[in-house]
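Undergrad: This structure is in structure tokens; I'll ask about it shortly.
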Amino acid sequence: MAAPIPMTTSEKRMKLPVFTVDECLNCHMKNKRAFKMGDYVFAAGNPCQSCKGNTMIIAIFAEQPPRR
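Residue 43 in numbering that gives the first Met the number 0 sits at position 44 of the sequence shown, with consecutive numbering throughout.
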């Protein structure tokens with residue numbers, strides 16, 4: 000395994016975009032959206048876009064932008 004590339008000071012201060020993933024309890028369709036304050040794992044989410052069923056938040060994560 001390669002050694003990790005050290006981050007510069009400007010990269011350490013960079014705010015990463017945070018996302019929330021909702022999963023439908025009926026059809027298991029997943030939807031990735033921007034994180035909103037108050038989101039937490041296992042909370043009820045928005046209605047499903049395909050079957051209008053109930054969704055639940057299954058993940059909250061930040062994405063590292065691609066390196067140049």
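Just so it is clear, CB atoms sit at the ideal spot from N, CA and C, and this is done for glycine as well.
Just so we're clear, the structure is a prediction, and the values are computed from it rather than from any experiment.
Can you tell me which of the three DSSP states R67 falls into?
TA: In this structure, R67 counts as coil in the three-state DSSP scheme.
Undergrad: Across which residues does DSSP place A42 in a beta bridge pair?
TA: In the DSSP output, where bridge partners are listed per residue, A42 has none listed.
Undergrad: Across which residues does DSSP place I55 in a beta bridge pair?
TA: Here the sequence assigns Met to residue 55, which means Ile is not the residue at that position. According to DSSP, which records beta bridges pairwise, M55 is partnered with E22, A43.
Undergrad: First and last residue of the beta strand (DSSP E) that includes K31?
TA: Counting along the chain, the beta strand (DSSP E) containing K31 begins and ends at 29–33.
Undergrad: Give me, in chain order, the residues of the same chain whose beta-carbon lies closer than 8 Å to that of Q48; leave out the 5 immediate sequence neighbours on both sides.
TA: If we look at Q48 and ignore the five residues flanking it on each side, its Cβ neighbours are M28, N30.
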